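Using this note's numbering, the letters of the sequence shown map in sequence onto residues 780 to 1101. Backbone N, C-alpha and C fix where the C-beta goes; we use that ideal spot for every residue, glycine too. This structure is a prediction, so every number in the text was calculated from the model and none was measured. Encoded as structure tokens, the structure appears first; notes follow it.
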Amino acid sequence: MLLEVSELRKRYGKLTAVDGVGFGVAAGTCTGLLGPNGAGKTTTVSMIAGLLAPDAGRVLIDGQLLGGETSPLKRRVGLVPQDLALYEELTARENLTFFGSLYRLERDALARAMDEALAFVGLLDRAGDRVKTYSGGMKRRLNLAAALLHDPDLLILDEPTVGVDPQSRSAIFDNLEALRARGKGILYTTHYMEEAERLCQRIVIVDHGKVIADDDLRGLERRLPESRRLTVDLDVVLARDPAPDAAAPAWLAELAREPGVEAAAVAAGRLTVDLAELSRAPAVLAFLSAHGQPFTHFATERADLESIFLALTGRTLRDQAA
Ligand SMILES: Nc1ncnc2c1ncn2[C@@H]1O[C@H](COP(=O)(O)OP(=O)(O)OP(=O)(O)O)[C@@H](O)[C@H]1O
Ligand SMILES: [Mg+2]
């Protein structure tokens, strides 16, 4: 595992901002660190990037313990911070020269790394312009370029798309996909559900400094009954029934006893079936056909991470927004 975090803790006075957090990032994969405002995401990634000393816990990079500010392992990590860290009066190239000097890259290596990073984020043609003339999205992309100069194996991005227009956002996503394809590990913090869905193979949800879920998207979806629910709009046979919505169709009780069916109900001409596994859905449709019950439409529900968060915590993400 490229990154392994275990039992990480950080207190600010009385507040425990990070309370025993643990998870991993494999090379060539993206892990999403997801949680509402104040969940402890930035505090966690600051400890992983070696900027903040944990009160307890371990950060391992390729099995080696990251030992604070001066650890040589820090070179293997690149952080794109939540707040832009750029000098507005300097050009993009001057900014990158400054960041490169922090990593003590020698002149030729730095020049090469700069061109590569600027080309990668699509800013090569604007490299001589002062940052204050950049759009918000361009500044975000330059921030990403700065984190890539020293060619880190693990790239950490702390809400990199805040204030970014859809086009730049899409460009950043493409950049991250390309980095992942090159075998980089990515840790991506966000509170946008759809970003984690789009980018991450693994999703770690944090709330009040604790991990409340660590799973792939499919695994998270399985925790929600809605994601295993099949609805079927029934056709004419029910309409021939004298009181279609009052009387349950004759086959309903039998359907409820079918393997993999947890519950089945009919209301207003629509059959709703809760399944043990979504893969049972075709069997339900086959059951209906076998019982001479035509239908006009069927659908399953898609669980988004918003609803998963609600199911896990009883709160919506917006409830807690600062
Ligand atoms: N330097 C600090 N001093 C005191 N408290 C802090 C400090 N930094 C963070 N906190 C507190 O720790 C908690 C976690 O903050 P953190 O910035 O890690 O959350 P976050 O998940 O990154 O939130 P956001 O989505 O808003 O960026 C919050 O309650 C915050 O107020
Ligand atoms: Mg933060």
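| query | result |
| --- | --- |
| For Gly901, the nearest candidate out of Arg920, Asp1012, Arg872, Ser850 (CA to CA) | Arg920 |
| Distance CB(Asp1014)-CB(Arg1049) smaller than 7 Å | no |
| As assigned by DSSP and simplified to three states, the class of Glu1000 | helix |
| Span separating the alpha-carbon of Arg1007 from that of Leu831 | 42 Å |
| Cross-strand partners of Cys809 (DSSP beta bridge) | Ile965 |
| Status (buried if at least 16 other CB within 10 Å, exposed otherwise) for Ala1046 | exposed |
| Rounded Cβ spacing between Val1052 and Leu1009 (contact assumed at less than 8 Å) | 5 Å |
| Beta-carbon proximity of Ile984 to Ile991, cut-off 7 Å | yes |
| Residue nearest to Ile935 in terms of C-alpha spacing, selected from Asp944, Arg948, Arg959 | Arg959 |
| Secondary structure of Gly916, DSSP reduced to three states | helix |
| Backbone secondary structure at Lys820 - three-state DSSP | helix |
| Beta-carbon proximity list for Leu844, same chain, < 7 Å, skipping 5 on both sides | Arg837 |
| Under 7 Å between C-beta atoms of Glu1005 and Ala1082 | yes |
| Buried versus exposed, by CB contacts within 10 Å (16 or more), Glu938 | buried |
| Reduced DSSP secondary structure (H/G/I, E/B, other) of Val941 | coil |
| Heavy atoms of ligand 2 versus C-beta positions, residues under 7 Å | Lys820, Thr821, Gln861, Asp937, Glu938, Thr968 |
| Cβ neighbour criterion (16 or more within 10 Å) applied to Gln946 | exposed |
| Sequence-distant residues of the same chain with beta carbon closer than 7 Å to Glu868, five excluded per side | Arg909, Lys911 |
| Residues that Glu783 bridges to, as DSSP identifies them | Gly803, Leu839 |
| Element boundaries [beta strand (DSSP E), containing Leu875] | From DSSP, Leu875 is part of no beta strand (DSSP E) but of the alpha helix (DSSP H) over 871–881. |
| Asn816 beta carbon near ligand 1 (any heavy atom closer than 6 Å) | yes |
| Assigned secondary structure, Glu976 (DSSP; H/G/I helix, E/B strand, else coil) | helix |
| CA nearest to the CA of Asn874, picked from Tyr913, Leu852, Glu976, Val856 | Tyr913 |
| Validate contact between the stretch 805–825 and the stretch 963–982 using beta carbons, cut 8 Å, 3 pairs | yes |
| C-alpha gap between Ala1101 and Ala796, whole angstroms | With a pLDDT of 41 at Ala1101, under the threshold of 50, the modelled position of this residue cannot be trusted; read the value that follows with caution. Taking the straight line from one Cα to the other gives about 15 Å. |
| Whole-angstrom distance between Gly916 and Val943, CA atom to CA atom | 5 Å |
| Length of the line joining the Cα atoms of Val1063 and Leu1034 | 8 Å |
| Cβ-based burial, Arg1036 [other Cβ within 10 Å; buried from 16] | exposed |
| Alpha-carbon spacing of Lys789 relative to Glu783, whole angstroms | 17 Å |
| Alpha-carbon spacing of Pro1023 relative to Phe1088, whole angstroms | Residue placement at Pro1023 cannot be trusted, given a pLDDT of 49 that sits under 50; what the coordinates show is reported in the next sentence. Computed Cα separation, rounded: 37 Å. |
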